[in-house]
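Enquirer: First to last, the protein sequences are chains A and B.
Read in order, the letters of the first sequence correspond to residues 1 to 223 in the numbering used here.
Read in order, the letters of the second sequence correspond to residues 1001 to 1386 in the numbering used here.
Every residue, glycine too, gets a C-beta built ideally from N, C-alpha and C.
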Amino acid sequence: MRSSRKLSTPRWRLPAYGLVAALAAAEATILWLALHPRVHPDYRAFYIDRTTTCLNKEVVGTYRLGETVSFRPDGAKRSNPLKVCGWTGAAGNGTHSRGHTSILRIALADPPPEGLTGTVELAPVTRPGAGDRQVLISVNDVEVTRVTLAAPEPRNVVFEIPDFAVEGSDRLDIRFDYPNPLPTGPMASNTNDRAIKLLSLRVAPGMADQLVGSRPRNGMSLR
Amino acid sequence: MSITGMAVRRPQDRSLTLVLVCIPLLFLASGVAIRYLAFAAGAPDASFGDYVSAMCRWDCGWYLGLAEHGYEPFPMPEGRNVGSWGFFPLFPAVVAVVRNALDLPTLHAALLVSAICSYASCLLAWPLLERNLRAYVLYSAFVLSGPFSFHNMSGLTEGLMLLLMTVVFVALRRSAWLSAGLATALLSATRLVGVFAVLALVVDMYHRHRSQGGTPSSFLRHVLARPDLLLAIVISPVGLFSYMLLLYLTVGDGLAFGHVQRAFGRVLGNPAMYLWNNLANTPQTGWWPTAHQWSGLAVITGLGLCAVLAFRRQYGAAIFCIVCIVLPITSGLASIVRYVAALVPLTTTLMMLLAGRVLFVPSLLVLLWASYFVTRAWFGGFLALV
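#1: What does Val-125/A reach in chain B if we use C-beta pairs closer than 8 Å?
#2: Given a threshold of 16 other Cβ atoms within 10 Å of its Cβ, counted over all protein chains shown, does Gly-964/B qualify as buried or as exposed?
#3: Could you check if Arg-64/A is buried or exposed, using at least 16 other CB atoms within 10 Å of its CB as the buried criterion?
#4: For the segment 1247-1306 of chain B, which segments carrying the alpha helix (DSSP H) assignment without a break, of at least 4 residues, lie completely within its bounds, in sequence order?
#5: When you compare only the Cα positions, how much space is there between Val-1251/B and Pro-1289/B?
#6: Just the C-alpha distance for Phe-1447/B and Ala-1225/B, rounded to the nearest angstrom, thanks.
#7: Of all the residues that make up the segment 1337-1366 of chain B, which are near chain A by a beta-carbon distance shorter than 9 Å?
#8: Within the same chain, show all residues whose beta-carbon is closer than 6 Å to that of Gly-1159/B, passing over the 5 residues directly before and after it, in chain order.
#9: Quick check on the burial criterion: 16 or more other C-beta atoms within 10 angstroms. Buried or exposed for Gly-1005/B?
#10: On a Cα-Cα basis, can you pick out the residue from Ala-1176/B, Leu-1192/B and Phe-1150/B that is closest to Asp-1204/B?
#11: Cutting at 8 Å between CB atoms, please list the residues of its own chain near Tyr-43/A, excluding the five before and the five after it.
#12: What residue range is occupied by the uninterrupted beta strand (DSSP E) comprising Lys-197/A?
#13: Output yes or no for whether 8 Å exceeds the beta carbon distance between Gly-1083/B and Val-1260/B.
#14: What do you get for Gly-1356/B, buried or exposed, if any count of 16 or more other CB atoms within 10 angstroms of its CB means buried?
#15: Determine the contact status of Leu-1275/B and Gly-1296/B, defining contact as a CB-CB distance below 8 Å.
#16: What residues in its chain sit with their C-beta under 6 Å from that of Gly-1184/B, if we drop five residues either side in the sequence?
#17: Which ranges does the beta strand (DSSP E) cover as unbroken runs of at least 3 residues, wholly within the segment 76-103 of chain A, from first to last along the chain?
#18: Taking the C-alpha atoms as reference points, what is the distance between Thr-1190/B and Thr-52/A?
#19: By the criterion of Cβ-Cβ separation under 7 Å, what are the contact partners of His-1259/B in chain A?
#20: Name, please, each residue of chain B whose Cβ falls closer than 7 Å to the Cβ of Val-20/A.
#21: Terminal residues of the continuous beta strand (DSSP E) containing Leu-122/A?
#22: Once the 5 residues before and after Ala-1135/B are set aside, which same chain residues still bring their CB inside 7 Å of it?
#23: How far does the beta strand (DSSP E) with Val-144/A in it extend, from its first residue to its last?
#24: Can you tell me whether Leu-172/A is helix, strand or coil according to DSSP?
#25: Determine the direct distance from the alpha carbon of Leu-1144/B to that of Pro-1227/B, and round the result to whole angstroms.
#26: Specify whether the segment 1028-1046 of chain B and the segment 1088-1099 of chain B touch according to this definition: at least 3 beta carbon pairs, one from each stretch, less than 8 Å apart.
#27: Let's see if you can read the secondary structure: which residues bound the alpha helix (DSSP H) around Glu-160/A?
#28: Residues of chain A with CB closer than 8 Å to the CB of Leu-1245/B, please, in chain order.
#29: Between Ser-8/A and chain B, is the shortest Cβ-Cβ distance under 8 Å, so that the two count as touching?
Here is the structure:
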């Protein structure tokens, strides 16, 4: 206590006030900097402006056409590099979506053959009385299908990828949009706006109705 | 010499000093034994090395990562999309220094830092416990061997928080304002709520001012006329501001520690609503409270002890503890048991209440007995103990 009171003695008074002023100025400057962030546009969109729930990151997973990738824990090594954003897990029942948008990104080593078909195995995340989950799937910004997941069992969703969506691109951005995810709020703070569980993905050459084991496609619509 | 006889003495003689040093050491050892037994009960074939590894759970991994690699810029390397900016720097910085100085694995350094800080916090808490030896025994048992001691001994910030919080409140008790301010500065670099110790500082200054005959209206003038008081206040958030500057230079966002909470799915809401939702989350079968209800009970217990502090006219400590409880639960009750159990003014008050002749021995036995079962639940992943 004595040493601290010494600061109020005439000898130390001025230096002590000077130190207070210097600290206050430094803190005010840092506060000003904090209120004026200089950040990457993706960071700003997700963390500050909150205009997206999907924080883009530069990952591009390698993928062999025709391969089925599991999004359960057993396939994490293959599936993790494909997940750009909007996913959580993998859990035992698949990788859960998180937020209003999820993206998978696949590198295309060579120009792909004409006519690609994607197959994703999906199940809805639901709660009693929460209704169905709607999913819009786009590839390289071209909407390829929209489905409504009602039954809790997983189902295959098959969609054709139009050639013009792939033309000139070295990657496939497969985007899932969810108009009605389970809402997060004080009453259900741990839902994290989940909508679907993704169990597997396959992209293969050929039309949907030519693929072995594929099911009829679900109302493909092109923009 | 009886415990009661020593309770009223000051630690002037060597034998009492020796007792004060040895009691926490004893509980430090018993705590390791209890936690190891709790771990071994769930993994009979596991080695002591496995136990040490198992002591790092949940947020511990983030702190070890920070001690090894520091904060990452954005965009992040290796395709990660959640940064470690929500975890404050002082604890991992101390761990990194100890690791490099002693050439230890990072986890071992973290556990060593936590153990030393927790032990030291017990030693320093002696004045806060009003030199009551029974309360000191209970407090040491609670911190080092008690039902939540695994938090203090893990690679988490709890041990360091306990130490710095103890220094702050011991300094405030002695009106050593600048020391309290410096300790608050370190506390504010350990966890966000640490900066609110400045409230306790200002309230205690005001209390002191009033007790010396000052009027409410003259308080501001009094502070402005005393550069030591001003410096204590201004220096208190230095740790937080230093971290903000570090984040600005690394990520470009000085408030990244708050913004990153979005990636963890935290949603701001009414704390009363969160509390009610947790308490109303009843078990599907049986009567044993759910993890949510335990979290709710921790909040109620904490706020109840804040009321006791206020009743005892420890207004600064009461306000600090209320903020430390209410602020985190605006985004849910996750980890609140851990947060409440590490609030030194609350736990010292509780131990003082339990240190009466009748309650002392049963309380000590319950603390040690509960430690085994709660630690087993922690190793088992019980959500309320995250």
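Expert: Let me spell this out:
#1: Those within 8 Å of Val-125/A in chain B number zero; the least Cβ separation is about 14 Å.
#2: Residue 964/B lies beyond the residue range present for chain B, which begins at 1001 and ends at 1386; the question has no answer from this structure.
#3: exposed
#4: 1256-1259 and 1271-1279
#5: 42 Å
#6: Not covered by the structure: residue 1447/B. The range shown for chain B is 1001 to 1386.
#7: none
#8: Ser-1114, Cys-1117, Ser-1118 and Asn-1152
#9: With a pLDDT of only 47 at Gly-1005/B, under the threshold of 50, the placement of this residue in the model should not be trusted, and no figure is reported.
#10: Ala-1176/B
#11: Leu-55
#12: 196-205
#13: yes
#14: exposed
#15: yes
#16: Checking the sequence shown, residue 1184/B turns out to be Thr, not Gly. Excluding sequence neighbours, Thr-1184/B sits near Val-1168, Ala-1197, Val-1198 and Ser-1236.
#17: 83-85, 87-91 and 94-97
#18: 31 Å
#19: Tyr-47 and Ile-48
#20: Pro-1227, Leu-1230, Leu-1231 and Val-1234
#21: 116-124
#22: Leu-1129, Met-1351, Met-1352 and Ala-1355
#23: 142-149
#24: strand
#25: 39 Å
#26: no
#27: No alpha helix (DSSP H) holds Glu-160/A; the beta strand (DSSP E) holding it covers 155-161.
#28: Ile-30 and Leu-33
#29: yes
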